[in-house]
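**Student:**
Protein chains in written order, with the working numbering: chain A, 618 to 924; chain B, 618 to 924.
1) Whose CA, out of 622(B), 881(B), 861(B) and 872(B), lies closest to the CA of residue 732(B)?
2) Within the continuous beta strand (DSSP E) that includes residue 660(B), where are the two ends?
3) List the whole-angstrom C-beta distance separating residue 754(B) from residue 776(B), where the pair is believed to meet the contact cut-off of C-beta under 8 Å.
4) Taking only the alpha-carbon atoms, compute the straight-line gap between residue 849(A) and residue 827(B) and give it to the nearest angstrom.
5) Just curious, the beta strand (DSSP E) that residue 713(B) is in, first and last residue?
6) Does any C-beta atom of chain A lie closer than 9 Å to the C-beta of residue 700(B)?
7) Name the residues in the region 820–843 of chain B whose C-beta lies less than 9 Å from a C-beta of chain C; which are they?
8) Checking 9 Å against the spacing of the C-beta atoms, do residue 638(A) and residue 897(A) come in under that value?
9) Rounded to a whole number of angstroms, what is the C-alpha to C-alpha distance between residue 747(A) and residue 669(A)?
10) When you compare only the Cα positions, how much space is there between residue 762(A) and residue 819(A)?
11) In whole angstroms, what is the alpha-carbon distance linking residue 696(A) and residue 648(A)?
12) For residue 914(A), tell me which candidate among 884(A), 771(A) and 700(A) has the shortest Cα-Cα distance.
13) Tell me whether the beta-carbon of residue 757(B) lies closer than 9 Å to the beta-carbon of residue 811(B).
14) Compile a chain-ordered list of the residues in the region 643–677 of chain A whose CB is closer than 8 Å to at least one CB of chain B.
15) Around the Cβ of residue 745(B), are there at least 16 other Cβ atoms within 10 angstroms (buried) or fewer (exposed)?
16) Do residue 824(B) and residue 869(B) have their C-beta atoms closer together than 9 Å?
17) Residue 712(A): buried (16+ other C-beta within 10 angstroms of its C-beta) or exposed?
18) Once you ignore the five residues that flank residue 694(A) on each side, which residues in its own chain have a CB closer than 7 Å to its CB?
19) On the DSSP bridge assignment, give the partners of residue 642(A) in chain order.
20) Roughly how many angstroms lie between the CA atoms of residue 678(B) and residue 686(B), to the nearest whole one?
21) Rounded to the nearest angstrom, what separates residue 871(A) and residue 920(B) at their Cα positions?
22) In whole angstroms, what separates the C-alpha of residue 836(A) from that of residue 634(A)?
23) At a Cβ cut of 9 Å, what residues of the region 790–805 of chain B count as close to chain A, listed as they run along the chain?
24) At what residues does the beta strand (DSSP E) containing residue 818(A) begin and finish?
25) Given a limit of 8 Å on CB to CB distance, which residues of the region 857–886 of chain B reach chain A?
26) Using only CA atoms, which one of 646(B), 654(B), 641(B) and 643(B) lies nearest to residue 619(B)?
27) Roughly how far, in whole angstroms, is the beta-carbon of residue 788(A) from the beta-carbon of residue 817(A), given that I think they are within contact range, below 8 Å?
28) Pick out whichever of 786(A), 877(A), 705(A) and 766(A) has its Cα sitting closest to the Cα of residue 847(A).
29) Identify the continuous beta strand (DSSP E) that holds residue 690(B) and give its terminal residues.
30) Could you tell me the boundaries of the beta strand (DSSP E) in which residue 564(B) lies?
31) Can you list, in chain order, the residues of its chain with a C-beta nearer than 6 Å to that of residue 808(B)? Leave out the 5 residues immediately preceding and following it.
32) How would you list, in chain order, the residues of chain A whose beta-carbon sits under 8 Å from the beta-carbon of residue 850(B)?
33) Please name the residue, chosen from 901(B), 879(B), 838(B) and 876(B), that lies closest to residue 854(B) on a Cα-to-Cα basis.
34) In chain order, which continuous runs of the alpha helix (DSSP H) of length 4 or greater are located wholly inside the region 766–840 of chain A?
35) Just to confirm, is the Cβ distance from residue 737(B) to residue 624(B) under 9 Å?
36) Is the CB of residue 923(B) under 9 Å away from at least one CB in chain A?
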């Protein structure tokens, strides 16, 4: 199944203990699309400015990502600067320039209307909801959000959550959304808001998926996938979006959605996140091979597998 | 193999969002011994005061823990008070009264001298080292320490680490000991200080074991076990010591130490930690059955197991 990914395309300035990078291609939709492209066909919808060149677009095209949904607007592309000098697990934002992203009204090209899997990258929940409603062939919607929308657009977010099948957020976002400090209880409260499944990303500790009772016909027991203990994290930017890309990409590559597929998808999410952090920006995600990915999947499996 | 556990025996005052408990039996040696008692013979060395009654000792005796190594001293038993009202993952200490524990000089009863597995509960590293040197039949030593000793007795701790085969500490302790914020790199630095293996306890995210190259003849790839997402954590006190008890207890119950045994031990550690937090103090650890424990082991296995 083809995946339609919608979200930010950006240029990032990044500082980590391993070094610095400026004006590197980033954004949720970029990381997601590259990661998912190793599993299935990916179509992307986003907006860029005049500083986004054919060379930038080729990064996606080389991975066979369909870029017809990228809108070229007047002005500059979304820019973000952040650093992880004190803490690799949390970015300290230096600046955010929304630029053309500020007035982004996603246009879905007609050629994308038959998409069956949708990923709603972090964005205003009203925009996320509008995109979902516009697409009638969608069988599965994954989505992300963040603290900012939980606080400032809570009512709109609640509406959009009813349209999302699998929500993917981190521990802090889940606790804030549920107003509950115990994670499994927070998960149950979030599931009661609409999603059938909730993936909580724990950063270096992996991720857990919680299910609403009866969701996908596979029972409600949670499942947990590890993250790889990585000695050399060069740049954590995009790890969560790459996780989402691996997770949704693997699901999109399978005919049926069952518990085993979702479990493997969670592992593939971790795999793609682990590759993303090995180099600055999207560099590592541009040049992988499926055998490399599957070899690392086996490493992840061994990491928690009992005979 | 019999396990000799040495460490604190205490009375705790605990406040959590689920309620309060006062003067409940606690201490690292108590939690460890009860948890390990479901797997193998356990002998305990510790010190108590005149407020420690036969009824308290019976909690251990009922689990067939050999209590001949408990020294009864004049004065009061070690007392600790803490709360988890804001954060279930970290205790806020209200008071610590060392009492008889302050001048504790562990005496090993002659009947214990043939012990083959040793657990050195958190204590001054010089005392831990002295105990280890006194015992000649030991095949495997597990040990714990804490930030206080890392700061105030670092040189002594470094000596003792050379006597410990498997060190069990949490993320913060590992990072402080290694002076390194990246966890896998911190693990490598700690392993270079002496231990053949390092278990890093991640609280609600489980635990990872790292191996020195060639340790136990089983290669150096880390292994990670999950923790159970628990909606009702009544009292986190003793979870880490119960983890250590399950981990060392299972190892003590096996004839050979190989990778599969260590992996299962890490899961059993998580299992015993998950039981410990279900009730205040040691209550839940007093009344378990091995079938209950093995059923939960299967739940842990299912939590991360791919077909």
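Ideal Cβ placement from N, Cα and C applies to all residues, glycine included.
**Tutor:** Let me spell this out:
1) Comparing Cα positions, the closest option is 622(B).
2) Per DSSP, residue 660(B) is one residue of the beta strand (DSSP E) stretching across 659–665.
3) Residue 754(B) to residue 776(B), Cβ: 21 Å. No contact.
4) One Cα belongs to residue 849(A), the other to residue 827(B), and the distance between them is close to 16 Å.
5) 709–714 is the extent of the beta strand (DSSP E) around residue 713(B).
6) By this cut-off, residue 700(B) is not an interface position.
7) Protein chains in the displayed structure are A and B, and chain C is not among them.
8) Yes; because the gap between Cβ atoms is below 9 Å, this pair is in contact.
9) About 26 Å.
10) Here the C-alpha atom of residue 762(A) lies approximately 15 Å from the C-alpha atom of residue 819(A).
11) Roughly 15 Å between the two C-alpha positions.
12) Taking residue 914(A) as reference, the option from 884(A), 771(A) and 700(A) with the minimal CA-CA separation is 884(A).
13) No, the Cβ-Cβ distance between residue 757(B) and residue 811(B) is not below 9 Å.
14) Listed by position, the residues of the region 643–677 of chain A near chain B (Cβ gap below 8 Å) amount to none.
15) When all chains shown are included, residue 745(B) counts as buried.
16) It is not a contact, given that the beta carbons lie outside the stated cut-off.
17) Burial call: exposed.
18) Only residues of its own chain outside the window of five on either side were considered, and among them 626, 627, 628, 665, 666, 668, 669, 716 and 717 have a CB closer than 7 Å to the CB of residue 694(A), listed in chain order.
19) Bridge partners of residue 642(A): 628(A).
20) Taking the Cα positions, residue 678(B) is about 12 Å away from residue 686(B).
21) Approximately 22 Å, taken between the alpha carbons.
22) Straight-line Cα distance between these residues: approximately 43 Å.
23) The residues in question are 798, 799, 800, 801, 802, 804 and 805.
24) Under the DSSP assignment, residue 818(A) falls in the beta strand (DSSP E) whose first and last residues are 814–818.
25) Listed by position, the residues of the region 857–886 of chain B near chain A (Cβ gap below 8 Å) are 877, 880, 881 and 884.
26) Closest by alpha carbon: 654(B).
27) Sure, about 6 Å apart at Cβ, within 8 Å.
28) Checked all of 786(A), 877(A), 705(A) and 766(A); the closest Cα to residue 847(A) is 705(A).
29) Careful: residue 690(B) lies outside any beta strand (DSSP E) and carries neither H nor E.
30) Given a span of 618 to 924 for chain B in the structure shown, any question on residue 564(B) remains unanswerable.
31) For residue 808(B), where only same-chain residues beyond five positions count, the Cβ hits under 6 Å are 815 and 829.
32) Contact of residue 850(B) with chain A by beta-carbon distance below 8 Å involves 799.
33) Answer by Cα proximity: 901(B).
34) Look at the region 766–840 of chain A and you find these whole runs of alpha helix (DSSP H), each 4 residues long or longer: 771–778, 788–795 and 800–808.
35) Residue 624(B) sits close to residue 737(B), with the two beta carbons spaced by under 9 Å.
36) It does; some Cβ of chain A falls within 9 Å.
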